[in-house]
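S.K.:
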Amino acid sequence: MSKPDELLVDVAALVESGRSNQMSLTVVTGGAVITGRLAPEAVWRQRVSEVLTDSARLGEFAAIFGTTTPREGPPTHLHFHVARILQGTVGIPETGGMYRVSIADVSAWTMGDFSYSDH
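Heads up: take any position in the sequence shown, counting from 1, add 121, and you land on this note's numbering.
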């Protein structure tokens, strides 16, 4: 989107306010369909930092995700957790992943997450 969808920005702002982390959303971005729950950026960063800290190879990157600088203005990104990229009838990864998506790059979206089948 050349101009981010104001309604989607409002949804992201409500999630960022910390009042809800239960918003399920599905977006189309760059030809990919991503479905999952949104999290406030600070919560998302903390979780990514924890995962990296537990990694023998990637632990050195944990610190950059562990720090959050408050930003002025409306949110610019969506922070998905327990999310999947849908490919046909399969969700990748099966256990859910952590994705950061620029709101400006979202070409379509809908409330809720899509079901998928891993069979």
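By construction, the Cβ of each residue, glycine as well, lies at the ideal position given by its N, Cα and C atoms.
Just to confirm the assignment, what range does the beta strand (DSSP E) spanning Arg-158 have?
M.R.: If you number the sequence shown from 1, residue 158 lands on position 37. That run of the beta strand (DSSP E) goes 153-159.
S.K.: CA-CA distance, Gln-167 and Gly-139?
M.R.: In the sequence shown, counting from the first residue as 1, residue 167 sits at position 46. In the sequence shown, counting from the first residue as 1, residue 139 sits at position 18. C-alpha separation (whole angstroms): 14 Å.
S.K.: Quick one: is Asp-131 buried, meaning 16 or more other Cβ sit within 10 Å of its Cβ, or exposed?
M.R.: Here the question's residue 131 lines up with position 10 in the sequence shown. Answer is exposed; the Cβ neighbour count stays below 16.
S.K.: Could you please give the first and the last residue of the uninterrupted beta strand (DSSP E) stretch that includes Gly-217?
M.R.: For the purposes of this step, residue 217 is taken as the residue at position 96 of the sequence shown. 211-223 is the span of the beta strand (DSSP E), which, as asked, contains Gly-217.
S.K.: Under three-state DSSP, which class holds Ala-204?
M.R.: Position 83 of the sequence shown, counted from the start, is the residue given in the question as residue 204. Note: Ala-204 maps to strand in three-state DSSP.
S.K.: If the criterion is Cβ atoms closer than 8 Å, does the pair Leu-199 and Ala-183 meet it?
M.R.: Numbered from its first residue, the sequence shown carries residue 199 at position 78. Numbered from its first residue, the sequence shown carries residue 183 at position 62. Going by C-beta atoms, Leu-199 is not nearer than 8 Å to Ala-183.
S.K.: One question on the structure: do Thr-231 and Thr-147 come within less than 8 Å of each other, judged by their Cβ atoms?
M.R.: Stepping through the sequence shown from its first residue, residue 231 is reached at position 110. Stepping through the sequence shown from its first residue, residue 147 is reached at position 26. Result yes, Cβ atoms of Thr-231 and Thr-147 sit closer than 8 Å.
S.K.: How many Å lie between Gly-187 and Glu-193 at the Cα?
M.R.: Within the sequence shown, the letter at position 66 stands for residue 187. Within the sequence shown, the letter at position 72 stands for residue 193. Distance between the alpha carbons of Gly-187 and Glu-193: 19 Å.
S.K.: In the DSSP assignment, find the unbroken alpha helix (DSSP H) run with Ala-183 in it and report its ends.
M.R.: Locating residue 183 in the sequence shown gives position 62, counting from the first residue. Here the alpha helix (DSSP H) through Ala-183 covers 183-187.
S.K.: So, are the CB atoms of Leu-128 and Met-144 less than 8 Å apart?
M.R.: Numbered from 1 along the sequence shown, position 7 holds the residue referred to as residue 128. Numbered from 1 along the sequence shown, position 23 holds the residue referred to as residue 144. No; because the gap between Cβ atoms is not below 8 Å, this pair is not in contact.
S.K.: On the criterion of 16 or more Cβ atoms from any shown chain inside 10 Å, does Gly-153 qualify as buried, or is it exposed?
M.R.: Working through the sequence shown from its first residue, we reach residue 153 at position 32. The amino acid at residue 153 is misidentified as Gly; the sequence shows Ala. With fewer than 16 Cβ atoms within 10 Å of its Cβ, Ala-153 is classed as exposed.
S.K.: Which residue comes first and which comes last in the alpha helix (DSSP H) that contains Leu-173?
M.R.: Residue numbering aside, residue 173 sits at position 52 when the sequence shown is read from its first letter. Where Leu-173 is concerned, the enclosing alpha helix (DSSP H) stretches over 162-174.
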